[in-house]
Amino acid sequence: MPYSTEQDVEDILRSFTLDVRIVGDEYRESAFTGRDYCEESGIDLYFNGRDHRFSSSGLRRVVAAKEAERVALA
Numbered sequence: 041m042p043y044s045t046e047q048d049v050e051d052i053l054r055s056f057t058l059d060v061r062i063v064g065d066e067y068r069e070s071a072f073t074g075r076d077y078c079e080e081s082g083i084d085l086y087f088n089g090r091d092h093r094f095s096s097s098g099l100r101r102v103v104a105a106k107e108a109e110r111v112a113l114a
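Taking our numbering, the leading residue of the sequence shown gets 41, the next gets one more, and so forth.
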């Protein structure tokens, strides 16, 4: 489900009946938005690993840098 803010994440978690939430394996030992709510509500947390070098945040950084270059050259 798409979201824009951390408050959106909280709202989504509280608005739907969820059995599981999938987050990146890098969050296994970290605090993250909604973790406490999931644990208190019995929503299972699944920590998904990836075996490739791509990440959505990395791709967003590349796109933002390219867009900044394009704007600077315009």
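For each residue, glycine too, the CB sits at the ideal point set by N, CA and C.
Use the C-beta contact count for Arg61: other C-beta atoms within 10 angstroms, 16 or more gives buried, fewer gives exposed.
Flag for Arg61 reads buried.
At the level of alpha carbons, what is the spacing between Asp84 and Gly98?
Those two C-alpha atoms are separated by around 27 Å.
For the alpha helix (DSSP H) that Ile52 lies in, which residues bound it at each end?
Here the alpha helix (DSSP H) through Ile52 covers Glu46 to Ser55.
Does Gly89 come out as helix, strand or coil in the three-state DSSP assignment?
When DSSP states are grouped into helix, strand and coil, Gly89 belongs to the coil group.
Can you confirm whether the stretch 42-55 touches the stretch 71-88 when touching is taken to mean that 3 or more C-beta pairs between the two stretches lie within less than 8 Å?
Yes, the stretch 71-88 is in contact with the stretch 42-55.
Relative to the C-alpha of Phe87, which residue among Arg101, Ala71, Ala104 and Lys106 is closest?
Out of Arg101, Ala71, Ala104 and Lys106, Ala71 has the C-alpha closest to the C-alpha of Phe87.
Enumerate, from N- to C-terminal direction, the unbroken alpha helix (DSSP H) stretches of 4 or more residues contained entirely within the stretch 59-108.
The qualifying runs are 75-81.
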